[in-house]
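Heads up, the thing below is written out as structure tokens.
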Amino acid sequence: MKVEIVGKNGFTPSDANKDYASKKLLKLEGLLPDLDSVTARVVCKVYKTFHKVEVTIPTKNIILRAEVEEVDIYAAIDGAIDKLVRQVRRYNDRMKDKLGKKGIRSMEPVSSEERIVRDKNVDLEPMTQDEAIDQMELLGHDFFIYLDKETRKTNVIYIRNDGNYAVIETTAK
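Residue numbering for the sequence shown follows this note's numbering, beginning at 1 and increasing consecutively.
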């Protein structure tokens, strides 16, 4: 797996920080196939009273992401990696149990670039509403954009204030 480690908010990761994060990411080795084609991005930020570590691993089927705040940078790295391991295991279990699939299959990086606040490019994969809900929950987001498997239209699924899900279906004029 390729690992990209960057610092923000005045934090510059040391070689020891980079080695530690790279070594910890190896925990995912048995859980993710095709690690050679995956790039994990680790962002380390420093604040007055804590460190924040964000780890993002974009794959063809899902985007794994974990964010942890801790007083110690190493504890934040550990927490983020532990979250990722739980996400991968939960996803693989869901695919095996509910859908009869083999879990995370082939990997392919997804790119994004910054603009005014944030400009994110998303590769839309055809999926059902249930698969979109699973992906949204794995990411910890309150909405998710996906390509509907049946209609082949871009849809947005989101969590309403009452806790239920809703779908915005697009149409072209």
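All C-beta atoms, glycine included, are put in the ideal place defined by N, C-alpha and C.
Under the DSSP assignment, residue 79 falls in the alpha helix (DSSP H) whose first and last residues are 73-94. DSSP places residue 155 inside the beta strand (DSSP E), whose first and last residues are 154-159.
The continuous beta strand (DSSP E) containing residue 40 extends over residues 39-46. The shortest C-alpha to C-alpha distance from residue 80 to any of 53, 95, 172, 94 is the one to 53.
One alpha carbon belongs to residue 76, the other to residue 50, and they sit about 9 Å apart. Partner residues in the beta bridge of residue 127, as assigned by DSSP, are 148. Taking all protein chains shown into account, residue 148 has 16 or more neighbouring C-beta atoms within 10 Å of its C-beta and is therefore buried.
The beta carbons of residue 89 and residue 31 sit closer together than 9 Å. Bridge pairing for residue 51: 46, 70 [DSSP].
Per DSSP, residue 173 lies in no alpha helix (DSSP H) segment and is marked neither H nor E.
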